[in-house]
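Working notes for the structure below.
Numbering (my numbering), first residue to last: 2 to 812.
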């Protein structure tokens, strides 16, 4: 195998030739068909970890076959002690203590985008998309694999149908390819084509696959209908029980060799994992993870320039304030849902032979109404969300040297009197031929169309960096105008900021220390100002370090220093940024420890302390996460997070009746204690069946010590208010208490087909949030006293592939 130059870089790229299979290949992990004997061998792997650039300890041999329908990979993974091969089971796409074999395919030789397929020694599959944003393991394909443990090690056999790939329409194919292996008990990771950690980019360091000729993109038509039955109730509210049956369908259609259309009709997200809610005392919105499969799978194109936040679709009603305004007027809400009905969604995406990727996303959310009763007992209905269309359009062009430039547009059209929103942005990354230097940036223009006016905002940033080598560094400038607002279909916490960030890192992949195999140090400075008014807000210096020992214990720490007084213009919550809080000098230090996950019992632990140049003000946090691998099928995880803030300072109110003065802002000094307990139990019966139980209890208690007016220079002026309610409780003290439990049973009874049974329980202290419990224990005991929501759902999905169905009927 002669090395070749590929992607314009200086990295040697090895070549492997695929052989056309004459006979049918049975995926059983045996590799006993005669075609495998004559296939070319890819061998001679090189380590990436723990020490890069060395010959792999154990030999690996990979062969590739193909026919008109599929690509076949057979791998012999030699191990002189097969009885020691780690093979813990996990759910599909999960992480476990198991050895693994991975194949990465870059079918357009872009050096940027590709497909990944992984099989563990326990037979568990994972698949993912590769892009500049990293690995997207939410992407799922339907493919076959089998493993066998032998006296010489273990064997992997894989069949990847062409329907799972995208490739150019050519008689002769030439793809980027690489094979990876992890020996879990030694934590050695190696690749067929060497991957140098000091060089930016993974796919740009792939080898080359040749020999595939005269294949065609198959008819890619796949349908997954579903049927779901479920019910829910609030055990603390009579008459709250409801149940029903629903059905819908997901469709995937390959328009041509490059583009695929995905659609979902009347989707059901009842199985989605719960959000990790918190008590938010900041002026900023909390951003939650997207857990709905349709919005996470194959959406890497739509993430360009950071303008798309899919949780806006089907989220809280746009005009929910209307029903809450009625409640504040003394009416009683009788019907309201904090989510809106997604009617359908579709996405079209793909990449042409010239490297141009195109993505189109569309979703429609229906009308939502709420109801309330007035003082006379009459019920009224009010619209809280109009019929809404969401649209995203992306064009992404691959350039030489693994560079790219992208254009993206997001649009929200609301039917009725509500405003529409549009955002247009661009993003680019330019790299030198040796991948050493990089220039990247993005910009966007936001537009909100009201009936008689248009709100315009902008943002842009530019980054120059040395991106490869042991020593890397960068400089970044960012700016967002006061009216920049992408929150109709994106997410931004705080516009009206400009910042300069300068940082660097030194990574050692083979330290000259006896007991350490990897280490790094990083330094960063951050300088911030408002755009309008153009005033200074913040300056900080952060340094951190990390080392990993030869027995795979990781430890490190950080220091963050704000050495001068800074100014917070967001906490006072004034629309014109006319007020600020003078934030004192402060210093934060923390450290962490992570033990070797190969051991049956392992844990992560971290703590930090923050001190302020202010009397009796400080904060502490401690987190520990033990995990116990009972055996290869059962594991238990626990995560405990404890935080204490003493004399924390924050906004309380601008209510004139409360403060006793007009145009005044009331701040408070408060003690806050937060405890989070999360438990996860996994029982994996085999590679196709598992049970997960996840429980999370969150408790946050806030006790105000004193109240203060915010002065013109950002200082706090002591101020007395009457904060005792008629029931004797303090007005602004908080006891936020909630519990989530999810029990999920999943059985993949056929390729791409699942039976899912989910039980959910959600409880919180509801309207009794001001009832301070004397202790954490009493808070836990009281969580079920106010709201106790319980639901069950059974869902069956069946995957239908047009080709297989047609072949079955034809035979």
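Backbone N, C-alpha and C define an ideal beta-carbon position, used for all residues, glycine too. From a predicted model like this one, the values you see are computed outputs, not experimental measurements.
Which residues in the same chain have their Cβ closer than 6 Å to the Cβ of residue i, if we skip the five residues on either side of it in sequence?
i: residue 792; result: 233 and 761
i: residue 350; result: 302 and 360
i: residue 258; result: 170 and 218
i: residue 629; result: 602 and 637
i: residue 720; result: 708, 709 and 710
i: residue 165; result: 142 and 144
i: residue 476; result: 465 and 503
i: residue 416; result: 387 and 388
i: residue 744; result: 694 and 760
i: residue 6; result: Note that residue 6 has pLDDT 43, beneath the 50 cutoff, so the model's placement of it is unreliable and the number below is only indicative. Correct list: empty, nothing qualifies.
Of the choices the options, whose alpha-carbon is the least far from that of residue i?
i: residue 76; options: 182, 22, 135 and 134; result: 182
i: residue 556; options: 518, 222 and 74; result: 518
i: residue 813; options: 151, 145, 115 and 122; result: This structure cannot settle anything about residue 813, because the visible part of the chain is limited to 2 through 812.
i: residue 440; options: 403, 415 and 808; result: 403
i: residue 158; options: 576, 34, 95 and 266; result: 34
i: residue 714; options: 691, 347, 693 and 569; result: 569
i: residue 268; options: 809, 796 and 804; result: 796
i: residue 627; options: 602, 614, 434 and 611; result: 602
i: residue 423; options: 164, 47, 488 and 461; result: 488
i: residue 277; options: 718, 752, 697 and 725; result: 697
i: residue 31; options: 42, 148 and 59; result: 148
i: residue 368; options: 300, 97, 314 and 554; result: 314
i: residue 641; options: 49, 605, 55 and 475; result: 605
i: residue 765; options: 279, 511 and 461; result: 279
i: residue 572; options: 582, 810, 222 and 565; result: 582
i: residue 632; options: 265, 48, 531 and 98; result: 98
i: residue 391; options: 548, 553, 364 and 398; result: 364
i: residue 202; options: 154, 254 and 131; result: 131
i: residue 155; options: 29, 174 and 433; result: 29
i: residue 51; options: 683, 588 and 548; result: 548
i: residue 577; options: 607, 598 and 535; result: 535
By DSSP, does residue i sit in helix, in strand, or in coil?
i: residue 656; result: coil
i: residue 233; result: strand
i: residue 782; result: helix
i: residue 326; result: helix
i: residue 699; result: strand
i: residue 163; result: helix
i: residue 272; result: coil
i: residue 199; result: coil
i: residue 8; result: Annotation note: pLDDT 41 at residue 8 (below 50); position unreliable, no value reported.
i: residue 34; result: coil
i: residue 52; result: coil
i: residue 555; result: strand
i: residue 307; result: helix
i: residue 312; result: helix
i: residue 573; result: coil
i: residue 46; result: coil
i: residue 83; result: helix
Assuming residue i contacts residue j under a Cβ cut-off of 8 Å, what Cβ separation, rounded to an integer in Å, is found between them?
i: residue 224; j: residue 252; result: 5 Å
i: residue 497; j: residue 533; result: 6 Å
i: residue 468; j: residue 438; result: 7 Å
i: residue 702; j: residue 673; result: 7 Å
i: residue 528; j: residue 495; result: The pair is not a contact, with the Cβ atoms about 16 Å apart (cut-off 8 Å).
i: residue 387; j: residue 322; result: So it is not a contact: roughly 14 Å between Cβ atoms.
i: residue 366; j: residue 400; result: Actually they do not touch by this definition, with Cβ atoms about 37 Å apart.
i: residue 485; j: residue 449; result: Not confirmed; about 10 Å, so no contact.
i: residue 160; j: residue 71; result: 5 Å
Cutting at 7 Å between CB atoms, please list the residues of its own chain near residue i, excluding the five before and the five after it.
i: residue 297; result: 139 and 291
i: residue 336; result: 371 and 372
i: residue 780; result: 700, 736, 738 and 774
i: residue 685; result: 90, 91, 92, 634 and 691
Cutting at 8 Å between CB atoms, please list the residues of its own chain near residue i, excluding the five before and the five after it.
i: residue 36; result: 20, 22, 23, 24, 26 and 66
i: residue 722; result: 659, 660, 661, 667 and 708
Using a Cβ cut-off of 8 Å (strictly closer), state whether residue i contacts chain D.
i: residue 173; result: In summary, chain D is missing from the structure at hand, where a single protein chain is found.
Count the CB pairs spanning the segment 405-413 and the segment 303-313 that are closer than 8 Å, and state whether there are at least three. Because the criterion of three Cβ pairs below 8 Å is met, the segment 405-413 and the segment 303-313 touch.
Take every Cβ of the segment 108-123, pair it with every Cβ of the segment 78-94, and state whether three or more of those distances are shorter than 8 Å. Using a Cβ-Cβ distance cut-off of 8 Å, the segment 108-123 and the segment 78-94 are in contact, since at least three pairs of beta carbons, one from each stretch, lie closer than that value.
Looking at C-beta atoms only, is the number of pairs between the segment 646-656 and the segment 667-684 that lie closer than 8 Å three or more? Contact between the segment 646-656 and the segment 667-684 is present, because at least three Cβ pairs lie under 8 Å.
Taking contact to mean at least 3 C-beta pairs separated by less than 8 Å, is the segment 673-687 in contact with the segment 652-662? No, because fewer than three Cβ pairs between the segment 673-687 and the segment 652-662 fall closer than 8 Å, the two stretches do not touch.
Determine, using beta-carbon pairs with one atom in the segment 83-97 and one in the segment 680-691, whether at least three such pairs fall under 8 Å. Output reads yes: the segment 680-691 touches the segment 83-97.
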